[in-house]
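Below you'll find the structure, written out as structure tokens, and then a few comments.
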Amino acid sequence: MKSFGRIVAVFAMLAVFTASQARAETFVVGYQPYDTISYQVIVNAELGLWKKYVPKGTEIEFQGALQGTVVANNMLAGKAQVGYMSVMPATILCSKPKLAKVVMVATAGMSEGTRCSLVLVRKNAPAFKSNEELARWLDGKVIAAPKGSASDQYLLKFFEKYHVKPGEYLNQSIEVIGTNFRVGKLDAASLWEPTLSRIASDVGEGVARIVADGRACDNPDLGIVTMRKDFMEQHPQVAKGYLRSELEAQRYILDPKNWSKVIDMVSKHAAGVPKRVLWYSIYGQIPADSKDPVREWKSFYFNELERKNIAEVGPFLLKDKRIKDLPTADAVDDSLARQVFKEAGYTPVSSSVTLGVIKGAPASACPFKD
398 MKSFGRIVAV FAMLAVFTAS QARAETFVVG YQPYDTISYQ VIVNAELGLW
448 KKYVPKGTEI EFQGALQGTV VANNMLAGKA QVGYMSVMPA TILCSKPKLA
498 KVVMVATAGM SEGTRCSLVL VRKNAPAFKS NEELARWLDG KVIAAPKGSA
548 SDQYLLKFFE KYHVKPGEYL NQSIEVIGTN FRVGKLDAAS LWEPTLSRIA
598 SDVGEGVARI VADGRACDNP DLGIVTMRKD FMEQHPQVAK GYLRSELEAQ
648 RYILDPKNWS KVIDMVSKHA AGVPKRVLWY SIYGQIPADS KDPVREWKSF
698 YFNELERKNI AEVGPFLLKD KRIKDLPTAD AVDDSLARQV FKEAGYTPVS
748 SSVTLGVIKG APASACPFKD
């Protein structure tokens with residue numbers, strides 16, 4: 398009889414274990430290993446920060462993509478619940494509520510336009526004394542950007558402000574842009590870090606030069622963390638816990654004591670990119686002769702500058718017929734991020750910047766030589 402009791406107990410334990418396994422779910426986070434707005438995702442994955450904050454039994458799969466539009470499409474298709482992208486693809490994504498309700502819940506970082514809002518020209522292009530002089534040189538030239546990206550948005554605004562009429566404006570991936578600069582098939586382009594620093598002259602191959610940034614046409618860079626609304630409603634503790642891990646990853650990246658460790662982690666995901674380039678892509682001074690020392694800032698939730706930028710992008714995309722409708726007001730909701738920050742017990746460093754700033758360093762300060 399005792400043996401029978403033991404058998405029953407064993408089966409009961411197995412039943413509980415099986416039920417627990419059935420309840421365990423895997424959620425997908427879409428990110429871009431070749432984009433500095435996703436460096437904290439890599440830190441989160443490598444350090445396993447998320448495991449401290451999501452409910453027990455939850456699994457997170459970090460799924461890399463080469464462009465924010467790919468992440469956005471996966472979210473629309475229900476293949477990812479969380480996604481990292483710039484404000485342009487985020488706005489396009491959130492303008493399609495009939496396909497999927499997606500919310501901008503936090504910021505991954507912001508700059509005055511020193512991450513993906515830059516003009517690169519071929520290495521033998523002339524020197525330009527002004528943005529107007531650059532604009533006239535761009536007339537009739539072969540120019541490229543990954544369409545649907547923040548770099549595309551930047552060039553469209555640059556073209557509009559300076560009345561640029563390119564000979565060709567091509568849709569090319571970051572890899573193709575790099576290749577075409579190497580073989581002399583491009584006159585100019587816009588793309589993002591770290592590929593930008595990889596091909597530019599500061600610490601990279603020197604096949605292109607940076608000649609303008611976002612300040613040329615008031616186009617800042619803004620990284621966005623997006624979440625599917627159904628995920629947030631059905632798994633509120635997972636959404637909240639993941640955002641807490643995002644907060645800790647951003648704080649880790651900001652601390653200069655961690656900079657080398659951050660790059661060691663990122664290099665595992667951004668295959669083929671030298672560590673000196675990865676370091677400069679987030680901690681270096683861009684442009685090299687910039688008078689503004691701030692490379693970017695991280696606020697986690699949306700302050701006035703972030704909200705202003707989000708509000709400007711929608712009408713611009715609508716006018717350019719990139720979207721059919723503006724995102725609804727509830728597509729921007731950082732209330733969960735604010736709750737997470739408050740419960741963490743941190744204090745904003747200022748009214749405009751919550752977590753801190755990264756001040757760009759010269760190439761000579763880079764600890765990596767490879």
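The working numbering applies: residue 398 is where the sequence shown begins, and numbers increase by one. Think of the CB as a built atom: it goes at the ideal place given N, C-alpha and C, for glycine as much as any other residue.
Asked                                                                                                                                                                                 : Found
Determine, using beta carbons only, whether leucine 490 comes closer than 8 Å to chain C.                                                                                             : The structure shown has no chain C; it contains just one protein chain.
Does the distance from the C-beta atom of arginine 612 to that of glycine 510 stay below 8 Å?                                                                                         : yes
Write down every uninterrupted run of the beta strand (DSSP E) in the region 677 to 728 whose length is 3 residues or greater and which is fully enclosed by it, in chain order.      : 691 to 695
Beta-carbon within less than 6 Å of threonine 751's beta-carbon, same chain only, minus the 5 sequence neighbours each way: which residues are those?                                 : Ser696, Phe697 and Pro745
Taking a contact to mean a Cβ-Cβ separation below 8 Å, would you say serine 483 touches serine 546 in this structure?                                                                 : yes
Just verifying my parser: in three-state terms, what is the DSSP assignment at phenylalanine 738?                                                                                     : helix
Count the other C-beta atoms from every protein chain shown that fall within 10 angstroms of the C-beta of glutamine 464, then say buried if there are 16 or more, exposed otherwise. : buried
Count the CB pairs spanning the region 446 to 465 and the region 474 to 489 that are closer than 8 Å, and state whether there are at least three.                                     : yes
For the putative contact between lysine 741 and leucine 651, defined by C-beta atoms under 8 Å, what is the C-beta separation to the nearest angstrom?                                : Sequence check: residue 741 is alanine here, not lysine. Going by Cβ atoms, the distance from alanine 741 to leucine 651 rounds to 15 Å, so no, they are not a contact pair.
Let's see if you can read the secondary structure: which residues bound the beta strand (DSSP E) around threonine 756?                                                                : Correcting the residue identity first, residue 756 is lysine in this sequence and not threonine. Lysine 756 -> beta strand (DSSP E) spans 753 to 756.
Can the beta-carbon of leucine 515 be found less than 8 Å from the beta-carbon of alanine 585?                                                                                        : no
How would you write the range of the alpha helix (DSSP H) that aspartate 627 sits in, first residue to last?                                                                          : 626 to 631
Rounded to the nearest angstrom, what separates aspartate 717 and aspartate 767 at their Cα positions?                                                                                : 42 Å
Measuring straight from C-alpha to C-alpha, what distance separates glutamine 429 and glycine 620?                                                                                    : 11 Å
In angstroms with no decimal places, state the Cα-to-Cα distance between lysine 544 and lysine 721.                                                                                   : 17 Å
Answer yes or no: do leucine 583 and alanine 541 have a C-beta to C-beta separation smaller than 8 Å?                                                                                 : yes
Within 10 angstroms of its Cβ, does alanine 636 collect 16 or more other Cβ (buried), or is it exposed?                                                                               : buried
How about glutamine 437 and alanine 503: are their beta carbons less than 8 Å apart?                                                                                                  : no
Since valine 500 sits in a beta bridge, which residues does DSSP pair it with?                                                                                                        : Met624
Taking C-beta to C-beta, are alanine 609 and asparagine 521 nearer than 8 Å?                                                                                                          : no
Assign aspartate 731 to one of two classes, buried (16 or more other C-beta atoms within 10 Å of its C-beta) or exposed (fewer than that).                                            : buried
What is the rounded straight-line gap between the Cα of arginine 692 and the Cα of phenylalanine 525?                                                                                 : 23 Å
Tell me whether valine 750 sits in a helix, a strand or coil according to DSSP, three-state version.                                                                                  : coil
Do serine 587 and tyrosine 551 have their C-beta atoms within less than 8 Å of each other?                                                                                            : yes
If you drop the 5 nearest sequence neighbours on each side, which residues of the same chain put their C-beta closer than 6 Å to that of serine 570?                                  : Pro543
As a quick exercise: from Asp727, Leu714 and Tyr649, pick the residue whose alpha carbon is nearest that of leucine 444.                                                              : Tyr649
Got a sec? Which residues, its chain only, sit under 7 Å from asparagine 441 by beta carbon, not counting five neighbours each side?                                                  : Trp447, Ser642, Glu643 and Ala646
Are the beta-carbon atoms of aspartate 618 and glycine 681 separated by less than 8 Å?                                                                                                : no
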